[in-house]
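Visitor: What follows is a single structure, and I will ask about it in a moment.
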Amino acid sequence: MRDNCTLLKEDEDYWGKKWAEAYVDFAAGEKRTWLHKMGVRFFPVVGWAERGGHLATGHGNSVPRFHIVWGTGPALVAPFEKKVREYMKAGLVQYLPRHRVDHLLKENGTVAGVAGSVLIPSTKKRGEGSEREVIGDFEYRAEAVLVASGGIGGNLDFVRKNWPERLGTPPAHMLSGVPAHVDGRMLGITEEAGGRIVNRDRMWHYTEGIKNWNPIWSNHGIRILPGPSSIWLDAEGKHFPVPNLPGFDTLSTLEAIQKTGYGYSWFILTQKIIEKEFALSGSEQNPDLTGKSIRKVLGRALPGAPEPVQAFMDKGEDFIIAHNLEDLVDGMNRLTGESRLNFKEIEYQIKARDREMDHKFTKDLQVTAIRGHRNYLGDKRIRVAPPHKILDHKNGPLIAVRLHIISRKTLGGLQTDLSGRVLDSAGHAIPGLYAAGEVSGFGGGGVHGYRSLEGTFLGGCLFTGRTAGRLQLNEVNWIKIRTR
Numbered sequence: 001m002r003d004n005c006t007l008l009k010e011d012e013d014y015w016g017k018k019w020a021e022a023y024v025d026f027a028a029g030e031k032r033t034w035l036h037k038m039g040v041r042f043f044p045v046v047g048w049a050e051r052g053g054h055l056a057t058g059h060g061n062s063v064p065r066f067h068i069v070w071g072t073g074p075a076l077v078a079p080f081e082k083k084v085r086e087y088m089k090a091g092l093v094q095y096l097p098r099h100r101v102d103h104l105l106k107e108n109g110t111v112a113g114v115a116g117s118v119l120i121p122s123t124k125k126r127g128e129g130s131e132r133e134v135i136g137d138f139e140y141r142a143e144a145v146l147v148a149s150g151g152i153g154g155n156l157d158f159v160r161k162n163w164p165e166r167l168g169t170p171p172a173h174m175l176s177g178v179p180a181h182v183d184g185r186m187l188g189i190t191e192e193a194g195g196r197i198v199n200r201d202r203m204w205h206y207t208e209g210i211k212n213w214n215p216i217w218s219n220h221g222i223r224i225l226p227g228p229s230s231i232w233l234d235a236e237g238k239h240f241p242v243p244n245l246p247g248f249d250t251l252s253t254l255e256a257i258q259k260t261g262y263g264y265s266w267f268i269l270t271q272k273i274i275e276k277e278f279a280l281s282g283s284e285q286n287p288d289l290t291g292k293s294i295r296k297v298l299g300r301a302l303p304g305a306p307e308p309v310q311a312f313m314d315k316g317e318d319f320i321i322a323h324n325l326e327d328l329v330d331g332m333n334r335l336t337g338e339s340r341l342n343f344k345e346i347e348y349q350i351k352a353r354d355r356e357m358d359h360k361f362t363k364d365l366q367v368t369a370i371r372g373h374r375n376y377l378g379d380k381r382i383r384v385a386p387p388h389k390i391l392d393h394k395n396g397p398l399i400a401v402r403l404h405i406i407s408r409k410t411l412g413g414l415q416t417d418l419s420g421r422v423l424d425s426a427g428h429a430i431p432g433l434y435a436a437g438e439v440s441g442f443g444g445g446g447v448h449g450y451r452s453l454e455g456t457f458l459g460g461c462l463f464t465g466r467t468a469g470r471l472q473l474n475e476v477n478w479i480k481i482r483t484r
């Protein structure tokens, strides 16, 4: 019997594709109604991320699909937190913080519980690194164990170890887009218990990371969600070619940056662009949406950058502001401590781009894209600045932003069937063991394939968790009845 690449790919992608089909049906069907009944609402403007920058038949979102929860992450968590707290009061849920699982217990091939270490109490805030001192151990037995521990994005050594060859050499420097507890430990622990991990090299890291001036965890990075107008240069000042435009094709741009041999790149933009096109990822970076303040959301239309963006302009070490391009380039070189950037070369590229603003027609595909974006009313109103010349002083000052690679999502993971049961290397479900969320590749060990359309990560967590939870309930009840 001989193995081959085609067979391997079929095995690794089979359940991911099944989960993708099931998720699309869920998203197009009961998902909104289900969330709405729990009080979850959405911001009325739908974002258009990951357009691909290719032909209509290429990858990427054909229409806007990125829905923002009104109240952001806390509002999505709230109805589930409420239920858990009610169940805790009723004695149905036992919450055990500072209990670190080190092993899955197995009996006769069935996962029968967990064992691990009790850590010293901590007063650290959410997301902050906490003490790892062990003060005891524990062992709990259960008829079903669900692994929902997230991916590997907080363990940069692990990220580099799994870095795909197709993306070149792993970056020596990365920012961490997730807390340290997202370390991949449970992937290894579950694998030791027989669980199969697939698609290890599939990850979704971003190229527009900036150092958080007010970090919550070590090496904390924030991702910029850019509009299409910024000039994107590599570390030597060369304009990235299409489709590597802001907000178009994350994986292609990551590959392009890595091929330069440098772990960073640059945006050059204007005050007008940053006021309308810079959004920051994270609930704390969007206090208007998180706080459900209509007044503050409407304030985004007023002159000036949003307050969180302005804070980075004032305090962020990756931001440089100048009133002319030569001073801006000097500041960029000072920030890196090197003289890789040539003012004349950058000036030539931006002047050529600005020249295209003199006509309604253009050969510059980025300018064409900017104008095309504004045909979508949502982009025109709140997301894309009117086309203008970068070097025109009335649009300034000029702004440069150094962009780092920032870790985020793990696309591969534990392979699961459509019930959320973890599979072994032979493709058989391991009795008593389930997985949901990022640790399972958001379903089947890789629901996204190599790319993401964005807006599918939280949805994938909801869908896989609900699916696995419902099956566990049915199976555990059946076991109890049979035991009686």
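Anchor point for the sequence shown: position 186 equals 186 in the UniProt record's numbering, and the numbering is continuous, going up by one each time.
For glycine and all other residues, C-beta sits at the position ideal for the given N, C-alpha and C.
All figures in this text were calculated on a predicted structure; none of them were measured in a lab.
With a threshold of 8 angstroms on Cβ separation, who are the neighbours of Tyr450 within its own chain once the five nearest residues in sequence on each side are excluded?
Guide: Excluding residues within five positions, the ones whose Cβ falls inside 8 angstroms are Arg202, Leu251 and Leu411.
Visitor: Work out the CA separation of Ala305 and His359 for me, nearest whole Å.
Guide: Computed Cα separation, rounded: 28 angstroms.
Visitor: Pairing CB atoms from the region 242-251 with CB atoms from the region 402-409, are three or more of them under 8 angstroms?
Guide: No, they do not touch.
Visitor: Could you tell me which of Pro64, Ala311 and Ser230 sits nearest to Glu277, measuring between CA atoms?
Guide: Ranking the options by Cα distance to Glu277, first place goes to Ser230.
Visitor: To the nearest angstrom, how far is the alpha carbon of Val114 from that of Ser149?
Guide: Answer to the nearest angstrom: the Cα atoms are 14 angstroms apart.
Visitor: Taking the beta strand (DSSP E) that Val145 falls in, what are its first and last residues?
Guide: Taken as a continuous stretch (DSSP letters only), the beta strand (DSSP E) holding Val145 covers Val145 to Val147.
Visitor: According to the neighbour-count rule (16 or more other Cβ atoms, all chains shown, within 10 Å of its Cβ), is Phe409 buried or exposed?
Guide: Per the sequence presented here, residue 409 reads as Lys, with Phe not at that position. By the 10 Å Cβ count, Lys409 comes out buried.
Visitor: Quick one: give me the first and last residue of the alpha helix (DSSP H) that His205 is part of.
Guide: Not the alpha helix (DSSP H): His205 falls in the beta strand (DSSP E), residues Met203 to Lys211.
Visitor: Could you name the residues that DSSP lists as bridge partners for His404?
Guide: DSSP lists Gly209 and Tyr264 as partners of His404.
Visitor: Any idea what DSSP makes of Ser252, helix, strand or coil?
Guide: If DSSP states are grouped into helix, strand and coil, Ser252 belongs with the helices.
Visitor: Excluding the 5 residues preceding and the 5 following Asp424 in the sequence, name in chain order all residues of the same chain whose CB lies nearer than 8 angstroms to its CB.
Guide: The answer, listed in chain order, is Gly194, Gly195, Arg196 and Ile430.
Visitor: Report back the beta-carbon spacing between Gly168 and Val159 to the nearest angstrom; my notes put them in contact at under 8 angstroms.
Guide: Incorrect: roughly 14 angstroms between the Cβ atoms, too far for contact.
Visitor: Given Leu453, which residues of its chain have a CB within under 7 angstroms of its CB, disregarding the five upstream and five downstream residues?
Guide: Glu50, Asn61 and Arg65.
Visitor: Have a look at Ala279 and Gly184 and give me their C-alpha separation to the nearest angstrom.
Guide: In a straight line, the C-alpha of Ala279 is about 29 angstroms away from that of Gly184.
Visitor: Under 8 angstroms by Cβ, that's how I've got Pro387 and Ile399 pegged, so tell me the actual separation to the nearest angstrom.
Guide: Incorrect: roughly 17 angstroms between the Cβ atoms, too far for contact.
Visitor: Please report how far the alpha carbon of Val476 lies from the alpha carbon of Gly469, in whole angstroms.
Guide: Straight-line Cα distance between these residues: approximately 10 angstroms.
Visitor: What is the DSSP secondary structure of Glu139, reduced to helix, strand or coil?
Guide: DSSP places Glu139 in strand when its eight states are reduced to three.
Visitor: Tell me which residues share the same chain as Gly58 and place their Cβ nearer than 6 angstroms to its Cβ, disregarding the 5 neighbours each side in the sequence.
Guide: The residues are Gly52.
Visitor: Given a threshold of 16 other Cβ atoms within 10 Å of its Cβ, counted over all protein chains shown, does Leu325 qualify as buried or as exposed?
Guide: With 16 or more other Cβ atoms within 10 Å, it is buried.
Visitor: Apply the 10 Å Cβ neighbour rule to Ile481 and answer buried if 16 or more other Cβ atoms are within range, or exposed otherwise.
Guide: At Ile481, the pLDDT of 41 sits below 50, so the modelled position is not reliable and the matter cannot be decided from this model.
Visitor: Along the chain, where does the alpha helix (DSSP H) containing Tyr348 start, and where does it finish?
Guide: Counting along the chain, the alpha helix (DSSP H) containing Tyr348 begins and ends at Phe343 to Arg355.
Visitor: Hey, out of Glu128, Val178 and Asn199, whose CA is closest to Asn162's CA?
Guide: Of the listed residues, the one whose Cα sits closest to Asn162 is Asn199.
Visitor: Consult DSSP for Ile257 and reduce its assignment to one of helix, strand or coil.
Guide: In this structure, Ile257 counts as helix in the three-state DSSP scheme.
Visitor: Can you name the start and end residues of the alpha helix (DSSP H) that Ile370 belongs to?
Guide: Unbroken alpha helix (DSSP H) run through Ile370: Leu365 to His373.
Visitor: Is there contact between the region 90-109 and the region 70-82, where contact requires at least three CB pairs shorter than 8 angstroms?
Guide: No contact exists between the region 90-109 and the region 70-82.
Visitor: Would DSSP call Gly413 helix, strand or coil?
Guide: Note: Gly413 maps to strand in three-state DSSP.
Visitor: Roughly how far, in whole angstroms, is the beta-carbon of Gln271 from the beta-carbon of Pro397, given that I think they are within contact range, below 8 angstroms?
Guide: Correct: roughly 6 angstroms between the Cβ atoms.
Visitor: Looking only at its chain, what residues have a beta carbon closer than 6 angstroms to the beta carbon of Glu345, apart from the 5 residues adjacent to it on each side?
Guide: The answer, listed in chain order, is Gly237.
Visitor: In whole angstroms, give me the CA-to-CA distance for Glu86 and Arg98.
Guide: So the alpha carbons of these two residues sit roughly 21 angstroms apart.
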